[in-house]
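Colleague: In the UniProt record's numbering, the protein residues as written are 1 to 93. One structure follows; several queries about it will come next.
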Amino acid sequence: MSNSCETENNESVPADVSSYIKSRDNCDSLRGDISEPNPADPGNLDRVISDINKYCKGTDQKLKQLKEKYSGNESVEKFLSTYQENIEADMSF
């Protein structure tokens with residue numbers, strides 16, 4: 001699910017939220033790219049996992065911080081509520 005298009009089409013969100021949305025969308029996209037190891041390209045899985053670690057590390061904490069910071073701001077809460085919490089616990093790479 002990509003929220004960045006929604007951000008551009010709806011009311012603007014604060015810069016820190018916009019930055020988080022872009023980073024998290026990259027993270028979520030990469031998380032969807034994990035496939036079975038390919039014998040023809042054994043390094044591909046390592047590259048995907050490296051990218052996931054790069055873009056996803058710290059997103060759980062940042063999401064929590066943004067939700068606390070913008071508690072009561074319905075437009076921001078709407079965007080942030082679309083993201084799954086605690087994804088880093090699922091990344092046992």
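Where is the CB? At the ideal position from N, CA and C, for every residue including glycine.
How many angstroms separate the CA atom of tyrosine 70 from the CA atom of threonine 82?
Modeller: Cα to Cα, tyrosine 70 sits roughly 15 angstroms from threonine 82.
Colleague: Check each candidate in Cys27, Gly58, Glu74 and name the one with the smallest Cα separation from proline 14.
Modeller: Among Cys27, Gly58, Glu74, the Cα nearest to that of proline 14 is on Glu74.
Colleague: CA-CA distance, isoleucine 34 and glutamate 68?
Modeller: Between isoleucine 34 and glutamate 68, the C-alpha separation is close to 31 angstroms.
Colleague: Near phenylalanine 93, which residues of its chain fall below 6 angstroms by C-beta distance, leaving aside the five closest residues on each side in sequence?
Modeller: Here phenylalanine 93 scores only 48 on pLDDT, less than 50, and its place in the model is too uncertain to base an answer on.
Colleague: What are the boundary residues of the alpha helix (DSSP H) that isoleucine 49 is part of?
Modeller: That run of the alpha helix (DSSP H) goes 43-56.
Colleague: Using only the alpha-carbon positions, how far apart do asparagine 53 and serine 12 sit?
Modeller: Rounded to the nearest angstrom, the two C-alpha atoms are 29 angstroms apart.
Colleague: May I ask which residues mark the beginning and end of the alpha helix (DSSP H) holding valine 13?
Modeller: Element bounds for valine 13: n/a, residue is neither H nor E.
Colleague: Give the C-beta separation of aspartate 60 and isoleucine 87 to the nearest angstrom, bearing in mind that I take them to be a contact with Cβ-Cβ under 8 angstroms.
Modeller: About 6 angstroms separates the two Cβ atoms, so the contact holds.
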